[in-house]
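Chains as they are written, first to last, in this note's numbering: chain G, 1 to 251; chain F, 1001 to 1315.
Beta carbons are placed, not taken as given, at the ideal position from N, Cα and C, and that holds for glycine.
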Amino acid sequence: MGEPLLEVRGLTKSFGGLIATDRMDLDVTEGETHAVIGPNGAGKTTLLSQLSGDLRPDAGLIRFVGEDITHLGAPARSMRGLARSFQITSIFKDFTALDNVALAVQAHAGSSFRFWRPARRERALREPALEVLRTVGLAERSELMAANLAHGEQRQLEIAMALATRPRMLLLDEPVAGMGLDESQRMIRFLQSLKGRQTILLVEHDMDAVFALADRISVMVYGRIIASGRPEEVRVNPEVRQAYLGEDTLL
Amino acid sequence: MARSPRALTLAAGVLMLALVPVAAELLDQPFYVDLFRRIMIFAIAALSLDLILGYGGMVSFGHAAYLGIGAYAVGVLTHHGIANGYLQWSLAILGSALVALAIGAVSIRTSGVYFIMITLAFTQMLYYLGISIEEYGGDDGMRLAVRSQFPGLLDLRNATAFYYLVLGILLLFLLLGQRLVDARFGMVIRAARSNEPRARAIGFSPYRYKLTAFVISGAMCGLAGALLVNQTEYLTPEFMHWTRSGEIMFMVILGGIGTLMGPVLGAAVFLLLEDVLSAWTVHWQIILGPFLVLVVLFAKKGLIGLVPDEAAPGG
Ligand SMILES: Nc1ncnc2c1ncn2[C@@H]1O[C@H](COP(=O)(O)OP(=O)(O)OP(=O)(O)O)[C@@H](O)[C@H]1O
Ligand SMILES: [Mg+2]
């Protein structure tokens, strides 16, 4: 195991009296798929938002590729190679699928203070975007308005946008949430195809997805990690079964 | 080659505008040159507003501020004996760009109703400033002794020359606007309007792009102000009254928000209706108001939305 790509130390965030992230430590190693699971309201999305720069922590440290990024905003973190998907699908609905991904390419392709040349005719933006759409299986849908894509396709599009920024690490918030069985199988297979090449922090409720993808699992309850380890270790951890998995269901 | 109905509308509109002075001459109705010049000046103002409103999602309820700055740049310099148009109009553009920079720097950090209130408050401030400066006529305003002078280029006293200059500026801004909104820059502000958290998550810092758009918009409207005071030959703080900001926004919504032709069409319909109705009754606003409500209710994309953007298949 090398240096962790992402290190979290003592991360704390509260909303009024509610402590959503409670002095949390977390390491994610380069190349691994690290799943964070936990019951509703455990604070998983809050954690992800602090990692992506959408939420400011009250205390603690976030280090990414050796750099303290705790006080950087979301755009700066994107520039350093962090890319996220949102639990509630977040795309540019009134743009085509291809536009959505091309925008993500554009954000990482030099200055956007360019006022004359039509961006939709820049091959340097459109071609890589189409390529990413192809890898997630949306190439045929590229000219559709994002709003008109099926729910599952919108989730895929969001991942395509994240990938188009060529991230060093993906932060995925429930990528198969709300998907039908077929769709979620397809998404799981796609994420499997990224394994090893892409470091992923995966927040997910779907246990099929978690056990199909995770190299490591951290279990979060009330803003704290109560257990962390390889899937087979976490599966048998009595504390985990007690706190989260509801005794003998699910696992 | 198939052209979309909207492209044809644009071509027809430009042709029509170009022929107004000819028609006015033939019909011996010089008044039309004046009316349509006024329409085009407000079209420029509305166009500039729509760049930030329609494309950038910034509800500036104080666009009359730049109209005022542009007008005062011309009026004040003339008052002090400097009638050189190059100087006056440069000051109009620069001055409104600077004011837009200040207003934008504060307001763009906010959103929703705060944004509206801040832009409105700044404009009211400028309005009261205009009222309070007796030297430049206070709330009565003052006559513009001479129109801006462009030695060797053209004479604004010539109604037709002035008309074609305004038409030229309008067409230039339509072209610049089109390039701008389709270029990378435009894509960023449109993406930020569509979904700002998403825009930030993929790496854009929308603030500086929005601020730049705000400044460009202010500068364009400042030039419209310089044109307007030359049109009316009268400088008044009324140019900056909040109802003026409302009218410009009216034109944008009426014509079609988030398009470039929409504001032009909106300005034309608004001012023509005002012209016709006000000749007929002093209560013309009672008719214009419900009309706008109907348009907003039944033509959500404004009047231009009724004209298809795509070429008909096989057409
Ligand atoms: N902006 C906010 N303001 C106040 N409370 C919040 C806010 N965001 C989250 N919370 C609270 O913090 C706690 C953690 O929320 P969070 O969304 O992180 O949970 P989660 O683990 O992602 O849950 P789920 O599995 O349902 O997505 C919850 O109790 C939630 O109500
Ligand atoms: Mg969540």
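Relative to ligand 2, the beta carbon of D173 (chain G) is positioned inside 7 Å of a heavy atom.
At least one heavy atom of ligand 1 sits closer than 7 Å to the Cβ of A42 (chain G).
Proximity to D1309 (chain F) across F:I1287, F:E1274, F:G1256, F:I1131 peaks at F:G1256, based on C-alpha coordinates. Distance from the Cα of E122 (chain G) is smallest, within the candidate group G:G137, G:T135, G:D99, for G:D99.
At least 8 Å separates the CB of H71 (chain G) from every CB of chain F.
The Cβ neighbour count for G1225 (chain F), taken over all protein chains shown within 10 Å, is at least 16; the residue is labelled buried. Proximity of the beta carbon of H205 (chain G) to ligand 1 is indicated: a heavy atom of the ligand is located closer than 7 Å. Of the heavy atoms belonging to ligand 1, none sits nearer than 7 Å to the Cβ of A74 (chain G). Residues of chain G with a Cβ closer than 8 Å to the Cβ of N1195 (chain F) are, in chain order, S90, I91, F92, K93. In terms of Cβ geometry, G1062 (chain F) and T1119 (chain F) form a close pair [threshold 8 Å]. Of all alpha-carbon atoms in F:L1067, F:R1190, F:V1059, the one lying nearest the alpha-carbon of F1042 (chain F) is that of F:L1067. The three-state reading of DSSP puts L144 (chain G) in coil, since its state is none of H, G, I, E or B. Secondary structure of F86 (chain G) (DSSP, three-state): coil. Counting other Cβ atoms within 10 Å of its Cβ, L1175 (chain F) stays below 16 and is therefore classed as exposed. In the three-state DSSP reduction, L1017 (chain F) falls in the helix class (H, G or I). Contact annotation: H205 (chain G) and A177 (chain G) have beta-carbon atoms nearer than 8 Å.
At a cut-off of 8 Å between C-beta atoms, V1296 (chain F) does not count as an interface residue with respect to chain G. For D208 (chain G), the enclosing alpha helix (DSSP H) has its first and last residue at 207-213.
L1019 (chain F) is classed as exposed because its beta carbon has fewer than 16 other beta carbons within 10 Å across all chains shown. Judged by pairs of C-beta atoms under 8 Å, the stretch 88-96 of chain G does not touch the stretch 1203-1222 of chain F, as fewer than three such pairs exist. Judged by DSSP in its simplified three-state form, I1133 (chain F) adopts coil rather than helix or strand. Judged by the Cβ position, T45 (chain G) qualifies as a neighbour of ligand 2 at the 7 Å threshold, a heavy atom of the ligand being closer than this. Not a single CB atom of chain F sits nearer than 8 Å to the CB of R166 (chain G). Contact between the stretch 1073-1085 of chain F and the stretch 1101-1111 of chain F is absent: fewer than 3 CB-CB pairs across the two stretches fall below 8 Å. Under the DSSP assignment, S1245 (chain F) falls outside any beta strand (DSSP E), being part of the alpha helix (DSSP H) whose first and last residues are 1242-1255.
Of G:L201, G:A212, G:A146, G:S218, the smallest CA-CA separation from L6 (chain G) is found for G:L201. Taking 8 Å as the cut-off, the beta carbon of L1049 (chain F) is found no closer than this to the beta carbon of M1240 (chain F). If you check each beta-carbon in the stretch 1171-1194 of chain F against every beta-carbon of chain G, the ones closer than 7 Å belong to R1179, L1180, D1182, A1183, R1184, F1185, M1187, V1188, A1191, S1194. In the DSSP assignment, P128 (chain G) falls within the unbroken alpha helix (DSSP H) covering 123-136. Short of 7 Å from the beta carbon of K44 (chain G), and not among the five residues preceding or following it, lie these beta carbons of its own chain, in chain order: V36, G38, V203, M220.
Take the alpha-carbon of S1132 (chain F) and the one of D1139 (chain F): they are about 7 Å apart.
Taking 8 Å as the threshold, the shortest C-beta distance from L170 (chain G) to chain F does not fall below it. The residues A1043, in chain order, have a CB closer than 6 Å to that of V1264 (chain F) in the same chain once the five nearest residues on each side in sequence are set aside.
Taking CB atoms only, L51 (chain G) has no neighbour in chain F less than 8 Å away.
Closer than 8 Å to the CB of D54 (chain G) there is at least one CB belonging to chain F.
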